[in-house]
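Numbering (our numbering), first residue to last: 42 to 245.
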């Protein structure tokens, strides 16, 4: 096999080049897929590094979503769109509220997370904090991260009553006349408890 190394290179270099070249010759480049939606899982870290996005700690679906939107996120870097896209890739149920939407201080914003289905842990919070700092506008100040957890309690209650009446008529024309009535009552109750807790507060 031919190689491109100069003649003065050592035999070791030439042997290494030959072995490496052999591996490349046997590589079927037609199977290489750089599309985030359909490439193999093993190539995701390489794509993430190439597109300058961090997928550490993300599951496969979230990693593919972030890589797929990498160009748009970088193009709109420092904008609300960029921040929302990055947060959505990592934590699907999220929203960003700007200061004028809730009467806050100028250039402040809040991040609201719905974690009822997915839950959230300390590592996820650290990752979210990093995403916010990486993609937010430089002048914007994170006021708080609000975590919303909703628990659904399904409870079924039932009640039933039976009442009856006996009437005896004299003389014995009708010896016994019995009238009965049956009444069924059903009650359904659904209780929902919603907890909103501020998990991060930035004090200026």
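Ideal placement from N, C-alpha and C gives every residue a C-beta, glycine not left out.
How would you call residue 191, buried or exposed, if buried means at least 16 neighbouring beta carbons within 10 angstroms? exposed
To which residues of the same chain is residue 138 closer than 6 Å at the C-beta, ignoring the five residues directly before and after it? 151
Do you know whose CA, among 145, 197, 125, lies nearest residue 136's CA? 125
Go to residue 163, then tell me how far its alpha helix (DSSP H) extends in each direction, as first and last residue. 163-176
Within its chain, find whatever has a CB closer than 8 Å to the CB of residue 86; leave out the 5 residues flanking it on each side and keep chain order. Within the same chain, Cβ atoms closer than 8 Å to the Cβ of residue 86 are found at 96, the five residues on either side in sequence being excluded.
Taking the beta carbon of residue 203 as the centre, do at least 16 other beta carbons fall within 10 Å, making it buried, or is it exposed? exposed
First through last residue of the alpha helix (DSSP H) which encompasses residue 99: Careful: residue 99 lies outside any alpha helix (DSSP H) and carries neither H nor E.
For residue 94, count the other beta carbons within 10 Å of its own beta carbon; 16 or more makes it buried, fewer makes it exposed. Which is it? A buried status is given to residue 94, since no fewer than 16 other beta-carbon atoms sit within 10 Å of its beta-carbon.
Kindly identify the DSSP beta-bridge partner or partners of residue 112. According to DSSP, residue 112 bridges with nothing at all.
Under 8 Å by Cβ, that's how I've got residue 77 and residue 129 pegged, so tell me the actual separation to the nearest angstrom. About 15 Å; that fails the 8 Å criterion.
Straight-line gap, residue 206 to residue 195 (C-alpha atoms, nearest Å): 38 Å
Quick check on the burial criterion: 16 or more other C-beta atoms within 10 angstroms. Buried or exposed for residue 101? exposed
Roughly how many angstroms lie between the CA atoms of residue 98 and residue 117, to the nearest whole one? 24 Å
Pull up the CB-CB distance for residue 186 and residue 131, whole angstroms please, since I reckon it's below 8 Å. Rounded, the Cβ-Cβ distance is 13 Å, inconsistent with contact.
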